[in-house]
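For reference, the structure discussed in these notes is given below.
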Amino acid sequence: MKKICSLHFKKEKTKIQPKALASLTKIVNMVVLECALRSGKQAYAEDSKTVTLDIVQKIIPQLILDL
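Under the UniProt record's numbering, the first residue of the sequence shown carries the number 1, and numbering increases by one thereafter.
As structure tokens, this is what we get:
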């Protein structure tokens, strides 16, 4: 997560505090987990045994609104 954040820093000397990094990591993990759960529910609703990219794309708009 730290490397991903540092890729978007405009200045090389910019740092992220450990507590901020830990909080950001928890939030990203929760969003990914919620995406997986919603995708699974959508796949089940469509009688699909697998979660496809199309299914994930269907749940993303509502997921973003719910954030």
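C-beta: ideal position from N, C-alpha, C; glycine also.
Remember, it's a predicted structure, so these values are computed and weren't measured experimentally.
Under 6 Å Cβ to Cβ from residue i, same chain only, skipping five residues before and after it: list those, please.
| i | result |
| --- | --- |
| residue 5 | 16 |
| residue 31 | none |
By Cβ distance, which residues of its chain are closer than 8 Å to residue i, with the 5 residues on each side in sequence left out?
| i | result |
| --- | --- |
| residue 55 | 39, 42, 43, 46 and 48 |
| residue 62 | 38 |
Suppose you measure from the CA of residue i to the CA of residue j; what does that come to, to the nearest Å?
| i | j | result |
| --- | --- | --- |
| residue 13 | residue 7 | 12 Å |
| residue 28 | residue 53 | 19 Å |
| residue 18 | residue 57 | 32 Å |
| residue 35 | residue 21 | 21 Å |
Quick one: is residue i buried, meaning 16 or more other Cβ sit within 10 Å of its Cβ, or exposed?
| i | result |
| --- | --- |
| residue 59 | buried |
| residue 51 | buried |
With residue i as the anchor, note down where its alpha helix (DSSP H) starts and where it stops.
| i | result |
| --- | --- |
| residue 25 | 18-45 |
Give every residue of the same chain whose Cβ lies closer than 7 Å to the Cβ of residue i, excluding the five residues on either side of it in the sequence, and list them in chain order.
| i | result |
| --- | --- |
| residue 25 | 1 |
| residue 11 | none |
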